[in-house]
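One structure is given here, and the rest of the page talks about it.
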Amino acid sequence: MNDLPSESAAPHRTLCTDCGISRSSEPKRCAAACQFIQPQYASLEKRVHGRARSPERTDELHFGPFIHMHRASLKHPSPGAQWSGITTRMAEILLQNKSVDAVLTMQADPHDRWRPSPILIDKPEDMQKARGMRMGYAPLLSLLEPAKQRGYKRLAVIGIPCQIYALRALEETLGLEKLYVIGTPCSDNTTTENFHQFLKLITPTPQEVTYLEFKANYHVELRFQNGKHQEIPFLQLPLSDLPKDFFPLTCRTCVDYTNVLSDITVGYMGGEGEQWIITRNTTGEELLALLGDEVVLKAPGSAGKRHSAVLGFKKNVELAAGGLPLRKMPNWLRPIVSWIMPRLGPRGLEFARTRVEMKAIESIIHLRREQPSRMKNMLPQHIWSLAKDYDLTPAPEEKATVLGPS
Ligand SMILES: Cc1cc2nc3c(=O)[nH]c(=O)nc-3n(C[C@H](O)[C@H](O)[C@H](O)COP(=O)(O)OP(=O)(O)OC[C@H]3O[C@@H](n4cnc5c(N)ncnc54)[C@H](O)[C@@H]3O)c2cc1C
Ligand code: SF4
Ligand code: SF4
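Using the working numbering, the first residue of the sequence shown is number 63, and each one after it goes up by one.
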């Protein structure tokens, strides 16, 4: 089923990704649930995972609390999946085993393959509807109340970080007997309308694109209806032709790249061409174990050094946020640098650390410029810890009001 509450209840806040809470019967819960109001990462991490980020486990500053990290692929990738389909396969097994009554996730809008549309799935064979990535956000959590009305007490939810934050903030009030949370990382999201503009800029046949991914080898992969593949190096993307507000302020300033409140995060950033799994608690370990020998797990690698890449990124964000032209590379140099980056740039976990630091820096610079009064509430202490090697420290009035791990 997919009976969304009416559009009239759509949100009216400026910093909002329409996670669905404002469309519920108690929209005032946004105040407690919203990642963009006063997120409480440290206390929620402790409640969900049983402990805060450990300073002794240095990667937890970047990726949040975890038990294990893996490179992973399904031996037989699911057709239509974004990568090999680990995310939807775990949910499918939960339904097959009758461990949950339903899975709350996204499918593609029937009129636009790129637009996410929330759905409650209660049959394992319907999980294939959810496979693949859509660009944009849609009110996933608006289906929590319909789920309750249908008597679903054991749920699995698949979501991006801003949706999972609100879910966890309200979890104890939902009356569920069991909740499994499968999260994906998320970054550089924008509205589905803006995404269509981007597609038009990168290919003369945007209507034929069936798949797009920003890969860890510094290329965007496109797949087309006729079976054609194309890889475009990041450096050759026409990013400077995009309007200044192409990425909404929410997605330029959200502070949780790796979905730290999920039981298990399934991404690709640290996977060097495969998927990247982070199990964060015993429920996350249980979810991974469901895959048995369907999944091949390997230790994640790490190579290269991130500091100069992050520093270069910071300079460009400062220029762009100030409305100045970006430092452009001459066209003749682009293919050479595009060749070098996947070979010598940060790779594996170092690539993932690079992106997390870039995201922290971006959040500070854009909020400082556009909504400075929000900084003390929206930026947890760990964001400042990630940015401190790049000469970014909080002014007294910007300091986090709730301290997280440092
Ligand atoms: C907007 C966006 C940005 C992302 N950015 C990164 C990134 O920077 N780094 C990284 O490592 N991973 C990122 N991911 C996650 C990555 O693209 C894959 O979804 C993930 O690795 C799972 O692959 P899979 O083959 O297991 O997924 P599949 O088995 O194909 O399942 C994908 C799941 O994602 C859900 N989904 C798809 N689109 C959306 C959406 N717009 N909103 C909410 N849920 C959705 C589907 O409903 C489905 O349940 C992003 C995902 C999204 C949606
Ligand atoms: S909680 Fe969700 S709906 Fe409410 S303001 Fe935040 S993102 Fe928007
Ligand atoms: S980038 Fe952040 S705010 Fe934007 S959709 Fe993804 S998780 Fe939500």
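Cβ coordinates follow ideal geometry from the N, Cα and C atoms, glycine included.
* **For ligand 3, residues whose Cβ lies under 6 Å from any non-hydrogen atom** => Result (chain order): T79, Y199, I222, P223, C224, C248, S249, N251, T312, C313 and C316.
* Could you check how far apart the C-beta atoms of D174 and T254 are, in whole angstroms? I think they sit under 8 Å. => 7 Å
* Asked: Do you know offhand how far A200's Cα is from T272's?
  -> Rounded to whole angstroms, A200 to T272 spans 20 Å at the Cα level.
* Rounded to a whole number of angstroms, what is the C-alpha to C-alpha distance between P467 and I183? -> Low per-residue confidence applies at P467: pLDDT is 45, beneath 50, and the placement is therefore not dependable, though the value from the model is reported in the following sentence. Near 37 Å, if we compare the C-alpha coordinates of I183 and P467.
* In whole angstroms, what is the alpha-carbon distance linking E348 and K377? -> 43 Å
* Asked: Out of R314, E283, I264 and T246, which has the shortest C-alpha to C-alpha gap to V322?
  -> The candidate whose alpha carbon is nearest that of V322 is T246.
* In chain order, what residues of the same chain lie with their CB nearer than 8 Å to the CB of S70, ignoring the 5 residues before and after it? -> Only weak support is given to the placement of S70: the predicted model assigns it a pLDDT of 48, under 50, and the value that follows is read from those uncertain coordinates. Nothing meets the Cβ criterion.
* Proximity winner among M195, R212, M152 and G354, relative to P186 (alpha-carbon distances) -> M152
* **Straight-line gap, G469 to K160 (C-alpha atoms, nearest Å)** => Examination of residue 469 is not possible in this model, given that the chain is present from 63 through 468 alone.
* **Secondary structure, alpha helix (DSSP H): runs of 4+ residues fully inside the region 240-308** => 254-264
* Heavy atom of ligand 1 within 6 Å of I155 beta-carbon -> no
* Helix, strand or coil at G410 [DSSP, three-state] -> strand
* Asked: For A163, does the count of other Cβ atoms within 10 angstroms reach 16, so buried, or fall short, so exposed?
  -> In the sequence on display, residue 163 carries Asp and not Ala. Taking all protein chains in view, the Cβ of D163 is crowded by 16 or more other Cβ atoms within 10 Å, so the residue is classified as buried.
* **Same chain, Cβ closer than 7 Å to C81, five either side skipped, listed in chain order** => P201, L202, L203, C224, Q225 and A228
* Say yes only if the C-beta of E330 is nearer than 6 Å to one or more non-hydrogen atoms of ligand 1, and no if none qualify. => Contrary to the premise, residue 330 reads as Tyr rather than Glu in this sequence. Remark: the shortest separation between the CB of Y330 and any heavy atom of ligand 1 falls under 6 Å.
* Asked: Within the chosen definition, does the region 324-331 reach the region 346-360 through at least 3 CB pairs nearer than 8 Å?
  -> yes
* Asked: A278: which of L241, W338, K90 and E234 sits nearest, CA to CA?
  -> Cα-wise, what sits closest to A278 is W338.
* Asked: Below 7 Å between beta carbons: does that hold for T9 and L429?
  -> For the chain, the structure presents residues 63 to 468; residue 9 sits outside this window and is missing.
* Asked: Unbroken beta strand (DSSP E) runs of length 3 or more, entirely within the region 321-381: which are they?
  -> 326-329, 337-341 and 357-360
* Asked: Per DSSP, which one or two residues make a beta bridge with V219?
  -> L166 and V243
* Please determine, among A457, A143, K240 and E118, the residue with the shortest C-alpha to C-alpha distance to V4. => Beyond the ends of the chain as shown, which are 63 and 468, falls residue 4; an answer cannot be given.
* May I ask you to check if the CB of S84 is nearer than 6 Å to at least one heavy atom of ligand 2? => Under cutoff, so the answer is yes.
* Run the CB neighbour count on G126, radius 10 Å, all protein chains shown included, and call it buried at 16 or more, exposed below. => buried
* **Straight-line gap, A94 to M440 (C-alpha atoms, nearest Å)** => 13 Å
* Three-state secondary structure (DSSP) at D451? -> helix
* To do: Using 6 Å as the cut-off, classify the Cβ of R75 as near or not near the heavy atoms of ligand 2, replying yes or no.
  => yes
* **First and last residue of the uninterrupted alpha helix (DSSP H) at R151** => Secondary structure note for R151: its alpha helix (DSSP H) is the uninterrupted segment I148 to Q158.
* Asked: Alpha carbon to alpha carbon, what distance is there between E460 and K137?
  -> 48 Å
* To do: Give a single yes or no on whether A94 has its beta carbon closer than 6 Å to a heavy atom of ligand 2.
  => no
* Hey, out of I445, L352 and D451, whose CA is closest to T463's CA? -> Checked all of I445, L352 and D451; the closest Cα to T463 is I445.
* **contact_flag[the region 259-268, the region 142-149] where n(CB pairs < 8 Å) is 3 or more** => Not touching, per the Cβ criterion.
* From the DSSP output, which residues share a beta bridge with H132? -> I339
* Is the closest heavy atom of ligand 2 to the C-beta of A231 under 6 Å? -> Not one heavy atom of ligand 2 lies closer than 6 Å to the C-beta of A231.
* Which one or two residues does DSSP pair with D171 in a beta bridge? -> Answer by DSSP bridge pairing, in chain order: D174.
* Residues near G147 in its chain [Cβ-Cβ closer than 7 Å; skip 5 each side] -> L136, P139, S140 and R193
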